[in-house]
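Colleague:
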Amino acid sequence: MQLSRTKSTAKNMTHKKPLSAYLKQNYDMYLILLPGLLFILIFNILPMYGILIAFKDYSMFAVEGSPFLSVLASPWAGLKHFQKIMGETGFLYAFRNTMVISVLKIVCIFPVPIIFAILLNEVKSNAYQKGLQTIVYLPHFLSWAVVSGIFVSLLGSTGSVNHLLEAMGFGKVSFLMDNNIFRWVLVFSDGWKEVGWSSIIYFAAIAGLDQECYEAALVDGANRFQQIWYITIPGLMPTIILMLILRVGSIMDAGFGQILVMYNPTVYETADIIGTYVYRVSMGQLNFSTGTAVGLFNSLISLTLVVSTNAIAKKWSGKSIW
Amino acid sequence: MAKQKKFEIFPIINIIILSLFGVITLYPCLNVVAKAFSSQGYVISGQVYLLPKDFQLDTIKYVLTQPEFLNAFKISVVVTIFGTLFAMLLTVLTAYPLSKPSLRGRKFFLGIFVFIMLFNAGMVPNYILYRSLHLTNTIWALIFSGAFSVFNLFIVKNYYESLPETVEEAARIDGASNLVTLFRIVLPMSMPVIATVTLFYGVGYWNNYFAGVMYITDPSLKSLQQYLYDLITLAMNTTDTSGNAIMDAESVANVTGEVVRCATIVVSTVPILVLYPFLQKYFVKGVTIGSVKG
C-alpha cells in the first residue's frame, strides 16, 4: 500500500509565471505526459461509454462487425436489468458471499501478520529472522493459478491431508466440494499467500519505534510481555488502524483472482462472489447487459467505500492512498 | 523465581510458534514438488508427503516436451519482457510531469489517474473495447491489459518528488530540455525505484492469468498461467456434477492428470524461484519506498 502524506503547505511556494512563458519553456512536459494520457484515454476512459449497456438490451451484432457501435444501436431498457438482478437468487447469493468471505478474511487474517511481526521482532538471531522472512514472503510471488493448483492437489481426495486424516481414523473430508468447508479453504489459502507479505509493514513500523522506551522499561523491570503489551502494541496502533480502515474499504473485493481459479459449480452457493458471478453471466451465458449492470452496481458501492474509508484515514492520520 | 523461569521459556515458545509459520508455508510447496517427482501410484493414493516416493523424472520430461506447454512458456516470456518494457516506458514518462508541482493543470491530470484507479468500467465494456479494436486473440491484449498501473505510477512519481531539485535546475540552466533532463539526470538517480517497479510489472505480467481467460481463445496464444488455469479448472470441473460419491472414481480417471499437474506447476514456478532473491530485495524496498514517503 502506498501512503503519501498530504502536503497542502508546500503548495503555495510556486510563484506563478504567465501561462505563455510557462508553456514556452515547458511545452515538452505535456509531450512527455501525452503517451500515458492517450493510453488511459483509450483503455480506461473509452470503455466507460460501454457502461450504457447496463441500461440497454445489448446485442453485440446490432451493428455488423462493430460491437462498439452496437452499444448505441441497441434498444434502451431503462432499469430493467437492475430490477431483474434484485430478484435473482444467483446474484443475491453472490452479494451475500462477497460480504461473508470478505468479513471472514478480515477477522481471521488481518490480525495474523501483526502477531507474526511482533513475535519475529522478539527473536534475537538475525539469521533466523532473515531465513524465516525469506520463506514466508515466497507465496506472495506465486500466481493464484499456481496457489490454487497447490491447494487443490493438497486438499483433494487424493491429497496428503486426506491421507493423513484417514490414517488417523477421521475419514476423508471433501474440502473443495463441501459448501460449508470451502469458504475456510478460501480464507486459509489467502492467508497462506499474503500473511508473510503483509507483515512487512508492521515489521518496519516496529523497527521505527523509539528504542529508548524499551531501555527505560527494562530499567523499570518490565518483562517481555509487558514490553510488548505497553510499548510495541500501542506503538503499532496507528499503523494497525490505518491498515484496517483501508482494508475495510476494499471489502467488495473478496478475492476474484483467487476464487475464479479455485471454485467449482458444487460450491457456487457459498463461494460465488460478485466478480465471478459477473464473469459467468457475461462471458459464459453471454448475458452482457445483466453482467454490466451487476458490475456497475459493484463498482459504485466499492467506489463509495474506498473514497469514504480513505477520507476517514486521511482525517485520522493525515495519510491516504492517493 | 517463577517469574524468572517464564522469562526464559518465552523465546523457546516463540521460536516454536514462528517455526510453525515457516512449516505451514513450506509444506504445501514441498508437497507439490515431491509429487512431481513421484510415481503415479503413490501420488493418487495420497502417500507422498515431503519426499518423492519411487523417484522418477519422466513426468517432468513429459511436461517439458509438451508442445502446448512450451508454447505457453514462450508466450509468457515474450509478454513479460515486452509488456514490462512498455509499461515501464509509460510509467517513467508519465510520472515525471506529474511530479512537478509547477505543472499547470497538475491537479486535473492527477485527478484523472486517481479516478481510473478507483473506478473501472467493468468486464464487459473492456471486453467490447478489445473486440472492437480487434485486440482479442492477439498478443497485444495480454500486453495492454497489464500495462500501466496507477499504483506503480504513484510510487515512481513520489520517488521523483523526493529527489533534490538542484541538480535538475543546473541541467536546465545549461539549456537541457525537460526530456533530456529526465533521461540524463532523473532516471539515473532513480535506479532503485526503477528496479522495484520493473519487478512489480514483471511479476504482474508473469502471474496474470485473467487477461488470457478474458481475451484469448486461440490455443497458440495461451500464456503459461492460462495453461495452468485450464489444467486446474478442467480437473475440478470433471468432478463438478458428480459430487462426493463419484469422487474416488474421478481420481482414478485422473491418474495421469494429478502428477502432470504438479510437474507443470513446479516447472512454471522455476523462473520466479530463480529471480526470488532479487524479487525479495526490491519488493521489500518497494513497500518501504511507498510507505515512508512523507
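Keeping their order, the protein sequence lines are chains Z and X. All residue numbers for the first sequence refer to our numbering, where the first residue is 1 and numbers rise by one. All residue numbers for the second sequence refer to our numbering, where the first residue is 1 and numbers rise by one. Cβ coordinates follow ideal geometry from the N, Cα and C atoms, glycine included.
1) Determine the burial state of Y27(Z): buried for a count of at least 16 other Cβ atoms within 10 Å of its Cβ, exposed for fewer.
2) Would you kindly check if the distance between the Cβ of M29(Z) and the Cβ of K107(X) is under 8 Å?
3) Mind pulling the alpha helix (DSSP H) runs of 4 or more residues that sit fully within the segment 120-190 of chain Z?
4) So, with DSSP's three-state summary, where would you put K56(Z)?
5) Determine which residues of the segment 198-212 of chain X have a Cβ less than 7 Å from any Cβ of chain Z, and write them out in chain order.
6) For the alpha helix (DSSP H) that contains F296(X), what are its first and last residues?
7) From the beta carbon of N26(Z), is the nearest beta carbon of chain X less than 8 Å away?
8) Bridge partners for W76(Z) per DSSP, in chain order?
9) Going by beta carbon distance, what residues of the same chain come within less than 6 Å of C108(Z), once the five residues before and after it are set aside?
10) Can you check which of these residues, N162(Z), A167(Z), M168(Z), F170(Z), is closest to L176(Z) by C-alpha distance?
11) Inspect the beta-carbon positions of P164(X) and E68(X) and report whether they are closer than 8 Å.
12) Around the C-beta of Q258(Z), are 16 or more other C-beta atoms found within 10 angstroms, so that it is buried, or is it exposed?
13) Cα separation between Y263(Z) and A271(Z)?
14) Name, going along the chain, the residues of the segment 132-147 of chain Z whose beta-carbon falls closer than 9 Å to a beta-carbon of chain X.
15) To the nearest angstrom, how far is it from the Cα of S299(Z) to the Cα of F119(X)?
16) For A216(Z), does the count of other Cβ atoms within 10 angstroms reach 16, so buried, or fall short, so exposed?
17) Using a Cβ-Cβ cut-off of less than 7 Å, list which residues of the segment 105-134 of chain Z approach chain X; keep chain order.
18) Counting beta carbon pairs with one atom in the segment 271-281 of chain X and one in the segment 191-205 of chain X, are three or more of them shorter than 8 Å?
19) Work out the CA separation of T91(X) and I32(Z) for me, nearest whole Å.
20) Output needed for A73(Z): all residues of its chain with C-beta closer than 6 Å, excluding positions within five of it in sequence on either side, in chain order.
21) Can you give me the C-alpha to C-alpha distance between I120(Z) and I85(Z), rounded to a whole angstrom?
22) Going along chain Z, which residues have a C-beta under 9 Å from E68(X)?
23) For F148(X), which option in S282(Z), S153(Z), I274(Z), F39(Z) has the closest C-alpha, if you only look at C-alpha atoms?
24) Tell me which residue opens and which closes the alpha helix (DSSP H) that S302(Z) is part of.
25) Can you list, in chain order, the residues of the segment 28-61 of chain X whose Cβ is nearer than 8 Å to any Cβ on chain Z?
26) Where N152(X) and P97(X) are concerned, what is the direct C-alpha to C-alpha distance, given to the nearest angstrom?
27) I'd like to know if I75(X) contacts chain Z, where contact means its C-beta is closer than 8 Å to some C-beta of that chain.
28) Provide the residue span of the alpha helix (DSSP H) that contains R106(X), from first to last.
29) Could one say the Cβ of W192(Z) lies closer than 8 Å to chain X's Cβ atoms, at least one of them?
30) Can T158(Z) and G122(X) be called in contact, C-beta distance under 8 Å?
31) Return the CA-CA distance between Y128(Z) and L20(X), expressed in angstroms with no decimal places.
32) How far does the alpha helix (DSSP H) with Y159(X) in it extend, from its first residue to its last?
33) For N44(Z), which of helix, strand or coil comes out of DSSP?
34) Leaving out five residues before and five after Y227(X) in sequence, what residues of the same chain have Cβ atoms less than 7 Å from its Cβ?
35) Could you tell me which chain Z residues have their CB closer than 9 Å to the CB of F148(X), listed as they occur along the chain?
36) Hey, how far is the Cα of M136(Z) from the Cα of V260(X)?
Modeller: Here's the rundown:
1) Exposed, since its Cβ has fewer than 16 Cβ neighbours within 10 Å.
2) Against a cut-off of 8 Å, the Cβ pair of M29(Z) and K107(X) comes out as no contact.
3) Runs of the alpha helix (DSSP H) inside the segment 120-190 of chain Z: 126-137, 144-155, 160-167.
4) Note: K56(Z) maps to strand in three-state DSSP.
5) Residues passing the 7 Å Cβ filter: V203, N207, Y209, F210.
6) For chain X, the structure presents residues 1 to 294; residue 296(X) sits outside this window and is missing.
7) Put simply, the CB of N26(Z) is near chain X, with a gap under 8 Å to one of its CB atoms.
8) Answer by DSSP bridge pairing, in chain order: K56(Z).
9) V187.
10) Nearest option by C-alpha distance: N162(Z).
11) Not closer than 8 Å, so no.
12) For Q258(Z), the number of other beta carbons within 10 angstroms of its own is at least 16, and it is reported as buried.
13) Cα to Cα, Y263(Z) sits roughly 7 Å from A271(Z).
14) Here the close residues are L132, Q133, T134, I135, V136, Y137, L138, P139, H140, F141, L142, S143, W144, A145, V146, V147.
15) Roughly 7 Å between the two C-alpha positions.
16) A216(Z) counts as exposed, since fewer than 16 other beta carbons sit within 10 angstroms of its beta carbon.
17) The segment 105-134 of chain Z vs chain X, Cβ under 7 Å: F116, L119, L120, E122, V123, L132, T134.
18) Yes: the two stretches touch, three or more of their Cβ pairs being nearer than 8 Å.
19) Going by C-alpha positions, I32(Z) is about 10 Å away from T91(X).
20) If we look at A73(Z) and ignore the five residues flanking it on each side, its Cβ neighbours are A62, V63.
21) The sequence shown places Leu at residue 120(Z), rather than the Ile named in the question. C-alpha separation (whole angstroms): 48 Å.
22) Neighbours of E68(X) on chain Z: none; closest Cβ ~15 Å, over 9 Å.
23) With distances taken between Cα atoms, F148(X) lies closest to F39(Z).
24) Here the alpha helix (DSSP H) through S302(Z) covers 288-317.
25) So the list reads P28, C29, N31, V32, K35, V43, I44, S45, G46, Q47, V48, Y49, given in the order they occur along the chain.
26) Computed Cα separation, rounded: 15 Å.
27) Closer than 8 Å: no.
28) R106(X) -> alpha helix (DSSP H) spans 106-118.
29) Yes - at least one Cβ of chain X is within 8 Å of the one on W192(Z).
30) No.
31) C-alpha separation (whole angstroms): 13 Å.
32) Per DSSP, the unbroken alpha helix (DSSP H) holding Y159(X) starts and ends at 150-162.
33) N44(Z) carries a helical assignment under DSSP once its states are collapsed to helix, strand and coil.
34) Answer for Y227(X): E68, F69, A72, listed in chain order.
35) Within 9 Å of the CB of F148(X), the CB atoms of chain Z belong to G36, F39, I40, F43, N44, in sequence order along the chain.
36) With the sequence shown as reference, residue 136(Z) is identified as Val, and Met is not the correct amino acid for it. V136(Z) and V260(X) have their alpha carbons spaced roughly 26 Å apart.
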